[in-house]
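Have a look at the structure below before the remarks.
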Amino acid sequence: MQSCPSTRLFVGFSLDEPQTQKILHLQQSLKHKTDTNPAMVLAHNLHLTLGFFGSVDPTSYADILTAIEQMPKTKFSQTIDTLDWWQAAKTICLKGQACASLHTMADAVRRIADIHQLAKNQYDYIPHISLFRGVTSVSLPKTKPNIQLTIAPSHLHLYQSTRQHNNVHYTILKSWPLKLKE
């Protein structure tokens, strides 16, 4: 972790190369559907979000690592197939309905954030992959995009978000293997 007073952290799952390529193709087909000039999420930043911690100080960082180590981390298979615009977050994403294992992990991450008085999410967990940020107006296609991703990752990752020039960069700080249900 960087040696700054606090850092922005979140947890999620990386995508494989074929999934990333499908999303890049979808982004290209959608980039002219917005009425603004949004920031396209770069290929190396694409991921399935599990939860946000927000700004974390170095003391809390160690506690969060311990808590993630102890939480359930079960293998899952998640379908992501619905395009949506989240107006409040100014984000276009692909989303799905959380499978049971993913929902259990998201609840655990939310409890960790609550215990350490970190970022609070007022919405129910929705598994999603952000495609564009800074979208203030959009005309999404009326028909469902011909994309269906099945995400079945092998690891949970703790990411650090840092600003670089006019964009953000996500770095994996730590990874934990997902296990079969015991």
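First residue of the sequence shown? That's 1 in the UniProt record's numbering, and the numbers climb one at a time after it. Idealized CB from N, CA, C, for every residue including glycine.
Unbroken alpha helix (DSSP H) run spanning residue i, endpoints
i, result
"SER29", "17 to 30"
"ILE115", "100 to 115"
"PRO58", "58 to 70"
Check whether residue i and residue j have beta carbons under 9 Å apart
i, j, result
"PRO153", "ALA108", "no"
"TYR170", "HIS47", "yes"
"GLN97", "ILE126", "yes"
"ASP114", "LEU94", "no"
"VAL138", "THR34", "yes"
"HIS157", "PHE13", "yes"
"LEU131", "LEU26", "yes"
"THR20", "VAL135", "no"
"TRP85", "LEU140", "yes"
"ASN121", "ARG111", "no"
Extent of the continuous beta strand (DSSP E) run through residue i
i, result
"PRO127", "Segment: none, PRO127 is in no beta strand (DSSP E) and carries neither H nor E."
"PRO177", "167 to 177"
"GLY12", "7 to 14"
"SER77", "First-last for SER77: undefined, no H or E at that position."
"GLN97", "From DSSP, GLN97 is part of no beta strand (DSSP E); its letter is neither H nor E."
Contacting residues, own chain, Cβ-Cβ under 8 Å from residue i (five flanking each side not counted)
i, result
"THR74", "SER101, THR104, MET105, LEU178, LYS179, LEU180 and LYS181"
"LYS22", "ILE147 and LEU149"
"GLN78", "LEU48, GLY96, ALA98, CYS99, LEU102, PRO127, THR150, ILE151 and ALA152"
Counted within 10 angstroms of its Cβ, other Cβ atoms place residue i as buried (16 or more) or exposed
i, result
"PRO42", "One detail in the question is off: residue 42 reads as Leu in this sequence, not Pro. LEU42 is exposed by the Cβ-count criterion."
"PRO38", "buried"
"THR7", "buried"
"ILE68", "buried"
"TYR159", "buried"
For residue i, three-class secondary structure by DSSP
i, result
"SER3", "In this prediction, SER3 scores a pLDDT of 42, lower than 50, which makes its location untrustworthy; the coordinate-derived value is nonetheless stated afterwards. If DSSP states are grouped into helix, strand and coil, SER3 belongs with coil."
"ALA39", "strand"
Contacts around residue i, its chain only, beta-carbon distance under 7 Å, and the 5 residues preceding and following it disregarded
i, result
"PHE53", "LEU9, PHE10, ILE64, ALA113, LEU118 and ALA119"
"LYS90", "ARG133, GLY134, VAL135 and THR136"
"HIS155", "SER175, TRP176, PRO177 and LEU178"
Residues near residue i by beta carbon distance below 6 Å, same chain, minus five either side
i, result
"GLN2", "Confidence is the limiting factor: at GLN2 the pLDDT is only 44, short of 50, which leaves the residue's position unreliable, though a coordinate-based value still follows. So the list is empty, once near-sequence residues are dropped."
"MET40", "GLN27 and PHE132"
"ILE92", "TRP85, LEU131, PHE132 and VAL135"
"THR162", "HIS169"
"ASN45", "TYR170"
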